[in-house]
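Just so you know, the sequences run in chain order W and S. All residue numbers for the first sequence refer to the UniProt record's numbering, where the first residue is 1 and numbers rise by one. All residue numbers for the second sequence refer to the UniProt record's numbering, where the first residue is 1 and numbers rise by one. C-beta: ideal position from N, C-alpha, C; glycine also. Keep in mind it's a predicted model, so treat the numbers as computed, not measured.
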Amino acid sequence: YRRGQPLGELDGIPIAVKDNFNTAGIETTCASNMLKGYISPYNATVVQKLLDGGAVLLGKTNLDEFAMGSGSTDGVFGPVRNPWSYSRQYKEKIVPRSDSEPENSNWVITGGSSGGSAAAVSAFTCFAALGSDTGGSTRNPAAHCGVVGLKPTYGLISRHGLIPLVNSMDVPGILTRCVDDAAVVLGSLAGHDPKDSTTVQDIFQPFALPSLTDVSKLSIGIPKEYHAPGLSSEILAVWSKAADLFKNAGAKVVEVSLPHTHYSIVCYHVLCTAEVASNMARFDGLEYGHRSDMNKSTESMYAATRREGFSDVVRGRILSGNYFLLKQNYEDYFVKAQKVRRLIANDFVKVFGSGVDILLTPTTLSDAVPYVEFIKEDNRTRSTQDDILTQAANMAGLPAVNVPTALSGRGLPIGLQFIGRSFQEKQLLTVAKWFEKQVQFPMIHYLSYICEAAFFHPQRACKVSGSLKN
Amino acid sequence: MAARGCGGVWCRVLQRGPGGSCSASRPRRAVACNARGGAVPLGQSGLAPWAAVVGLEIHAQITSNSKLFSGSQVQFAAPPNSLVSFFDASLPGTLPVLNRRCVEATVMTGLALNCTINKKSLFDRKHYFYADLPAGYQITQQRVPIAVNGSLSYSLCKDNKMSQMVTKTVRIKQIQLEQDSGKSLHDDARSQTLIDLNRAGVGLMEVVMEPDMCCGEEAAAAVRELQLILQTLGSSQAIMADYEIQRQIKELENGGTVLNETRAFDSKLGCTVPMRDKEGKQDYRFMPEPNLPPLILYDAKSLPANVNHQQVVNIDWIHERLPDLPSVKRAKLVELYGILPEHSFTLVNEDGLMDFFEDVVKQTQMKPKKVIGWILSDLLSHLKQHSLTAKESPISSFLLADLLNLLENGDISSSAAKQVFEELWKGEGKTPLEIVKEKQLELIQDQEELEQICQAVIDEREKEVMAIKGGNEKVINKLIGLVRKATRGRANPLLVKQILEKKLSE
């Protein structure tokens with residue numbers, strides 16, 4: 001301000017950060033009793049980069065506890081409501097079931113676990129938000145909330161300061177309203193961090209996205225296994241239409257196979273719970289966080305602290321994970337899962353090696369379900385169902401992005417996912433941007449008194465990237 | 001515990017019950033020492049040597065400025081919890097970053113122990129809950145450690161006779177890098193435990209020796225040699241008093257009848273106690289450490305062309321710069337100075353003594369073979385008595401050399417020299433010559449004076465003279481003794497003998 005020069009492209013841009021990123025001097029809870037009141041003494045690298053660039057932190061967003069979940073319904077602060085629940089598009093389509101039904105009982109979930117971040121962006125409270133993505137936790141809520149959700153390549157963005165769920169799969173995720181913005185945020189976050197030994201050493205060059213006009217040189221792969229059981233006919237139709245869109249524009253669209261896709265759920269379950277059991281071992285109430293009043297012995301204090309601090313979801317995963325890591329089980333579960341993971345990753349290598357540039361898949365099995373429906377099944381079941389289309393990218397460490405595509409019959413967002421080659425975010429986002437322009441996803445319309453304030457056209461909302469259009 | 005100072009070494013000697021292999025269950029860190037091996041107690045408790053073999057696991061703190069995976073300082077005796085980074089305290093979201101110096105120190109040690117250095121090694125998490133392990137797991141190397149298949153040669157005296165030294169070899173199974181834990185201070189009075197995390201995360205080298213040793217003596221000698229090697233390399237200060245090693249091993253020997261279980265030595269109770277954790281029931285749930293990529297080391301051949309040298313560790317480069325190991329030093333001493341092998345052991349064993357010896361040799365005309373006697377008996381015994389190292393000696397090498405020169409030149413007798421030595425030890429700043437003059441210890445050079453004294457003694461001691469003349473030649477020593485007494489040690493005994501003999505034969 002004093003020098004009259006912006007700190008960077010994000011100078012002055014309001015952002016929100018998922019509450020599993022450490023923010024210095026600001027409570028960081030992971031939506032868990034274990035860390036309620038925990039004031040972190042340091043900034044996560046990505047947070048620091050945003051702040052150094054002049055971004056304005058508006059707040060920490062809600063999530064599933066410790067990022068475990070696909071609905072953002074299982075955190076101690078309660079569930080996150082999808083802003084589209086209050087949109088005119090959704091409300092118009094609701095068939096009232098009975099007069100006795102309370103007004104707001106049909107609000108829908110955001111998806112998860114970065115639901116708070118997705119909602120924040122979707123509701124115009126900020127221009128960009130940080131999420132995390134371990135099995136789809138950024139892309140899933142992005143799809144349900146009608147925003148762009150980018151999962152970068154593993155190793156591109158530092159995880160230092162991101163409280164881990166699965167160290168070998170976690171990445172910081174970026175949620176924005178348009179693809180150009182995602183590229184801008186990526187530009188300020190990506191790059192080697194000495195504090196994170198899993199980030200690659202290569203120098204990262206931020207890029208601006210070209211406006212693609214000719215897609216004839218592009219080869220789009222449609223993995224047949226992503227026509228998963230439970231995929232709604234609506235989404236299937238949107239997906240087909242998208243494939244046709246590319247075909248009609250001259251791109252080569254081919255069906256491909258990722259044969260090990262259906263193993264990814266169990267594989268993910270084993271590896272995820274094993275890492276969770278390990279990562280949660282530090283929460284013992286001694287150094288920080290919740291500590292139980294039970295003090296008969298150290299062991300009893302640990303047990304009580306962890307019982308009080310962790311939800312059933314977390315504890316369930318810890319128990320499973322410890323089981324898989326027992327000496328007698330290790331080979332059969334953990335090592336086996338690692339081998340299957342390698343097979344899953346190889347599926348992608350083969351497909352990308354055969355000339356396919358980008359894969360096009362649905363992001364979710366359906367549009368957002370009402371909260372009252374969602375909670376009928378437990379967290380584990382839901383995660384198993386909902387992660388199926390997004391998990392494999394985490395297994396393989398590949399970049400993937402959700403692009404809001406169309407509205408469902410219920411007036412709720414449907415998104416499609418693009419998966420790219422390792423470290424080829426530029427290509428991935430270039431294609432995503434082209435697609436975004438083609439589909440012209442509608443802006444969320446609130447009831448009239450809000451709408452007047454919302455004079456932003458979706459593309460004009462992308463002031464950050466300077467692409468002012470009418 | 002005395003053994004755990006900065007750069008401390010502590011041993012865990014694991015005992016193996018028949019059929020079971022002893023994995024490292026949680027020891028009482030400050031005091032644990034267990035013996036590993038398939039021991040068969042021979043009847044009497046503790047008195048017979050173990051029939052079978054002993055293996056050792058030795059943990060040596062790496063000498064480095066910062067910890068193994070974080071930037072906090074490594075320092076001895078700092079205020080509690082003053083050297084703890086966010087990572088050491090296991091704050092959520094922190095990640096390990098490998099310390100290059102720790103890797104180099106371990107590679108050096110591996111090379112010195114003739115190990116194969118694994119060009120690719122891996123890190124793992126070993127899980128257990130304990131108050132001084134903040135993360136609930138220790139980062140170690142369980143699957144593929146940094147160095148394997150080495151050997152350590154050591155010598156020990158047979159039957160405690162220095163002149164009968166045997167050389168033995170113990171195989172080194174592996175050396176692995178791992179984190180140290182913090183320290184627990186149990187305050188039983190207030191039913192609480194205080195935790196100091198200064199040590200949490202300090203780098204350790206764990207040296208695992210195969211069960212090739214037959215008894216406590218061998219184990220102690222092997223550990224001592226390893227200590228010397230580590231100190232020579234500078235990779236660890238390896239501070240552990242000799243007596244501490246002996247004591248721990250002896251304690252195990254005294255617990256002879258219970259060799260079939262693992263016991264820990266509890267220094268407070270002063271005896272062995274069964275291990276707190278049920279041996280064999282502790283499952284550490286090992287898992288690869290996902291935040292650390294495999295550790296890749298290079299040699300001259302495999303080093304990639306355009307790589308930042310700050311980022312890589314070159315095994316060959318380290319190999320070229322290894323200092324002389326103790327065994328080499330000893331051999332050189334024997335060759336250069338013609339001293340006995342057992343002398344070289346003592347010289348190298350005792351901190352600073354070798355340098356002291358060499359300094360003295362440089363500054364004196366006396367032959368090294370004679371100098372060594374002064375160093376090993378006079379100087380060393382005094383040092384030991386006062387618990388000093390050679391560097392702390394009140395008699396500098398210069399002064400000792402000076403003294404030895406006087407002796408060598410025949411200016412004083414050896415008994416006089418010993419007196420001067422005692423005076424010098426007081427450290428009052430006087431030179432040997434000054435002391436000699438002050439106490440009038442110069443050898444009487446005047447032949448006539450000597451003859452007079454000898455004559456006086458002969459005149460006094462008729463009985464003895466008669467005895468000598470009668471054939472009992474040994475009695476002359478008594479006369480010599482008397483002359484020496486009369487001259488207060490200022491007579492050259494050989495000369496005196498000559499004179500007496502001459503006079504007596506007249």
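Can you check whether the CB of residue j is closer than 7 angstroms to the CB of residue i?
| i | j | result |
| --- | --- | --- |
| L365 (chain W) | L231 (chain W) | yes |
| I62 (chain S) | C115 (chain S) | no |
| D196 (chain S) | N81 (chain S) | yes |
| P210 (chain W) | T430 (chain W) | yes |
| M34 (chain W) | V313 (chain W) | no |
| T175 (chain W) | G135 (chain W) | The sequence given here has Leu at residue 175 (chain W), not Thr. Contact: no. |
| L108 (chain W) | N82 (chain W) | Note that residue 108 (chain W) is Val in the sequence shown here, rather than Leu. The answer is yes: Cβ separation under 7 angstroms. |
| S136 (chain S) | A281 (chain W) | The sequence given here has Gly at residue 136 (chain S), not Ser. In contact: G136 (chain S) and A281 (chain W) (Cβ atoms closer than 7 angstroms). |
| P14 (chain W) | C126 (chain W) | yes |
| Q192 (chain S) | P145 (chain S) | no |
| D133 (chain W) | G173 (chain W) | yes |
| E210 (chain S) | G55 (chain S) | yes |
| S64 (chain S) | S85 (chain S) | no |
Buried or exposed: which applies to residue i, given that a residue is buried once 16 or more other Cβ atoms fall within 10 Å of its Cβ?
| i | result |
| --- | --- |
| residue 479 (chain W) | One cannot answer for residue 479 (chain W) here, as it falls past the ends of chain W, which runs 1 to 470. |
| N248 (chain W) | exposed |
| S300 (chain W) | exposed |
| K60 (chain W) | buried |
| R317 (chain W) | buried |
| T198 (chain W) | buried |
| P293 (chain S) | exposed |
| S297 (chain W) | exposed |
| I296 (chain S) | exposed |
| L333 (chain S) | buried |
| residue 474 (chain W) | In the structure as shown, chain W starts at 1 and stops at 470, and residue 474 (chain W) therefore has no counterpart that could be examined. |
| K376 (chain W) | exposed |
| K18 (chain W) | buried |
| K469 (chain S) | exposed |
Express the C-alpha separation of residue j and residue i in angstroms, rounding to a whole number.
| i | j | result |
| --- | --- | --- |
| S72 (chain W) | L68 (chain S) | 38 angstroms |
| F324 (chain W) | A55 (chain W) | 42 angstroms |
| G150 (chain S) | S292 (chain W) | 49 angstroms |
| P341 (chain S) | I172 (chain S) | 25 angstroms |
| K268 (chain S) | K183 (chain S) | Caution applies to K268 (chain S), whose pLDDT of 43 falls short of 50 and renders its modelled position unreliable; the model cannot decide the point. |
| S155 (chain S) | Q227 (chain S) | 13 angstroms |
| G115 (chain W) | A190 (chain W) | 23 angstroms |
| K391 (chain S) | K339 (chain W) | 59 angstroms |
| M294 (chain W) | F310 (chain W) | 16 angstroms |
| W425 (chain S) | T431 (chain S) | 11 angstroms |
| G110 (chain S) | T169 (chain S) | 16 angstroms |
| L185 (chain S) | N308 (chain S) | 44 angstroms |
| P442 (chain W) | T361 (chain W) | 21 angstroms |
| K362 (chain S) | I372 (chain S) | 13 angstroms |
| M354 (chain S) | K370 (chain S) | 15 angstroms |
| Y268 (chain W) | Q141 (chain S) | 25 angstroms |
| K439 (chain S) | A401 (chain S) | 20 angstroms |
| S302 (chain S) | I117 (chain S) | 14 angstroms |
| A251 (chain W) | F204 (chain W) | 29 angstroms |
| K281 (chain S) | V202 (chain S) | 28 angstroms |
Alpha helix (DSSP H) runs contained entirely in the region 66-101 of chain W, provided each spans 4 or more residues | The region 66-101 of chain W contains these whole alpha helix (DSSP H) runs: 88-93.
Any chance you could list the alpha helix (DSSP H) runs of at least 4 consecutive residues sitting entirely within the region 196-249 of chain W, in chain order?
-> Qualifying alpha helix (DSSP H) stretches, in chain order: 233-248.
Residues of the region 298-328 of chain W with a CB closer than 8 angstroms to any CB of chain S: list them in chain order, please.
-> Result list: T298, E299, Y302, N322, L325, L326, K327.
Residue ranges of each alpha helix (DSSP H) run of no fewer than 4 residues wholly in the region 101-189 of chain S, ordered along the chain?
-> For secondary structure counted as the alpha helix (DSSP H) over 4 or more consecutive residues, the region 101-189 of chain S holds no complete run.
The region 37-56 of chain W: positions lying closer than 7 angstroms to chain C by Cβ | Looking at the structure shown, chain C is missing, and the protein chains on hand are W and S.
Which runs of the alpha helix (DSSP H) fall wholly inside the region 267-345 of chain S and span at least 4 residues, in chain order?
-> Counting only runs of at least 4 residues, the region 267-345 of chain S fully encloses the following alpha helix (DSSP H) elements, listed from N- to C-terminal order: 315-320, 326-337.
Members of the region 78-95 of chain S near chain W, C-beta cut-off 8 angstroms | Answer set for the region 78-95 of chain S: F86, A89, S90, L91, P92, G93, T94, L95.
Could you run through the region 262-274 of chain W and flag, in chain order, every residue whose CB is less than 9 angstroms away from some CB of chain S?
-> Within the region 262-274 of chain W, the residues whose Cβ lies closer than 9 angstroms to some Cβ of chain S are A274, listed in chain order.
Any alpha helix (DSSP H) of 4 or more consecutive residues that is wholly inside the region 351-406 of chain W = List check, alpha helix (DSSP H) in window: 371-374, 379-386, 391-396.
Interface residues of the region 120-150 of chain S facing chain W [CB-CB below 7 angstroms] = Within the region 120-150 of chain S, the residues whose Cβ lies closer than 7 angstroms to some Cβ of chain W are R125, H127, F129, A131, P134, A135, G136, Y137, listed in chain order.
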